[in-house]
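A.B. asks: Per the numbering used here, the sequence shown runs over residues 4 to 115.
Each residue gets a CB set at the ideal place from its N, CA and C atoms; glycine is no exception.
Note that the structure is a prediction, hence the values are computed from the model and not measured.
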Amino acid sequence: MTLYRRAWTMQLHEGAEAAYEAAHAAIWPEMRDQMRASGILRFFLYRSGQTIFAFQERDRPFTQTTAPPSALTARWWSEMAPLMQTEGPDHHPVHHELREVFALDTTMEADT
Numbered sequence: 004m005t006l007y008r009r010a011w012t013m014q015l016h017e018g019a020e021a022a023y024e025a026a027h028a029a030i031w032p033e034m035r036d037q038m039r040a041s042g043i044l045r046f047f048l049y050r051s052g053q054t055i056f057a058f059q060e061r062d063r064p065f066t067q068t069t070a071p072p073s074a075l076t077a078r079w080w081s082e083m084a085p086l087m088q089t090e091g092p093d094h095h096p097v098h099h100e101l102r103e104v105f106a107l108d109t110t111m112e113a114d115t
């Protein structure tokens, strides 16, 4: 199976770190279901200070869309808006895509 991955950063507002972590510790089951349905196999968030590093692996290519977010995603973004840098009327998180410069996947190597 081909895996597609991407990584990006986002910025929290000062003092929002604990609330952001708490929100993700209690992520809604329907949000998990929506992510699975969109092909997300793995999704990791890491934090250093106010910087969030996000990494996803999917079973299908990532597509750029101009379609509005789902009602569920819009609700999540609205909940996150007080905690992080967002833009636009839908509170889309400001994010900066990262370019992959190295990958090592030993699970794909043949046994010797």
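I want to know whether the region 100-113 touches the region 36-46 - three or more CB-CB distances under 8 Å.
C.D. replies: no
A.B. asks: What would DSSP say about S51, mapped onto helix, strand or coil?
C.D. replies: strand
A.B. asks: Could you tell me if I55 is buried or exposed, where buried requires 16 or more neighbouring beta carbons within 10 angstroms of its beta carbon?
C.D. replies: buried
A.B. asks: Can you give me the Cβ contacts of R63 inside the same chain, cut-off strictly under 6 Å, excluding the 5 residues immediately before and after it?
C.D. replies: G42
A.B. asks: Taking just the CA atoms, how far does A19 sit from A10?
C.D. replies: 22 Å
A.B. asks: Looking at E60: is its Cβ nearer than 7 Å to the Cβ of L6?
C.D. replies: yes
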